[in-house]
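Enquirer:
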Amino acid sequence: MPQYDIYIPLKYNDGRNIEPHKFDLTRQELIKQFGGLTIIPAEGSIEGWWKFGDRIIRDEIKIYRVSATQHDAIFWQTYKETLRNRFEQEEIFISIIPEATTI
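One gets my numbering by counting positions in the sequence shown from 1 and adding 16 to each.
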């Protein structure tokens, strides 16, 4: 069962806070699509750094984690673009754990 970690920024690239309804919409979409969602951390945020061109970018993020019954590349390509536009980001990072095991 593949597991997906979606790194969601808490601020726009210009430093403004992202409106809460955008997080709510994303949460609702993922629960509808996958039947559940875990947000890491539940309170606060994680600090992340990444290189974009010649710049080093610092983000405050939360990780939205979902499990799927199978990998759907078309869904993820489309949804990644939806999130990139919604959160007005140059990139949205999604990592895949292909063989997550449920006990």
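Backbone N, C-alpha and C fix where the C-beta goes; we use that ideal spot for every residue, glycine too. Just so you know, these numbers come straight off a predicted model, no measurement behind them.
1) So, does the segment 46–63 touch the segment 31–38, judging by three or more C-beta pairs under 8 Å?
2) Could you give the distance in angstroms between the alpha-carbon of I108 and the alpha-carbon of R81?
3) If you compare alpha carbons, which of F68, S83, F91 is closest to N29?
4) From D70 to E106, what distance separates their C-alpha atoms?
5) Alpha carbon to alpha carbon, how far is Q86 from G64?
6) Can you tell me the Cα-Cα spacing of I112 and D21, whole angstroms?
7) What does the Cβ neighbour count give for F91, buried or exposed, with the cut at 16 atoms within 10 Å?
8) Mind checking T42: buried by the 16 CB within 10 Å criterion, or exposed?
9) Leaving aside the five residues before and after I72 along the sequence, list all residues of the same chain whose C-beta is less than 7 Å from its C-beta, in chain order.
10) At which residues does the alpha helix (DSSP H) containing K67 begin and terminate?
Expert: Reading off the structure:
1) no
2) Taking the sequence shown and counting its residues from 1, the one referred to as residue 108 is at position 92. Taking the sequence shown and counting its residues from 1, the one referred to as residue 81 is at position 65. Approximately 14 Å between the Cα atoms of the pair.
3) Residue numbering aside, residue 29 sits at position 13 when the sequence shown is read from its first letter. Nearest of F68, S83, F91 to N29, Cα basis: F68.
4) Here residue 70 is taken as the residue at index 54 of the sequence shown, counted from 1. Here residue 106 is taken as the residue at index 90 of the sequence shown, counted from 1. Going by the C-alpha atoms only, they are around 14 Å apart.
5) The residue given as residue 86 occupies position 70 in the sequence shown. The residue given as residue 64 occupies position 48 in the sequence shown. Cα-Cα distance, rounded: 28 Å.
6) Along the sequence shown, one-based indexing puts residue 112 at 96. Along the sequence shown, one-based indexing puts residue 21 at 5. Their Cα atoms are separated by approximately 7 Å.
7) For the purposes of this step, residue 91 is taken as the residue at position 75 of the sequence shown. With fewer than 16 Cβ atoms within 10 Å of its Cβ, F91 is classed as exposed.
8) Within the sequence shown, residue 42 is the residue found at index 26, counting from 1. Looking at its Cβ environment, which holds 16 or more other Cβ atoms inside 10 Å, T42 is buried.
9) As a first step, residue 72 must be located in the sequence shown, where it is residue number 56. Answer for I72: W65, listed in chain order.
10) For the purposes of this step, residue 67 is taken as the residue at position 51 of the sequence shown. From DSSP, K67 is part of no alpha helix (DSSP H) but of the beta strand (DSSP E) over 62–68.
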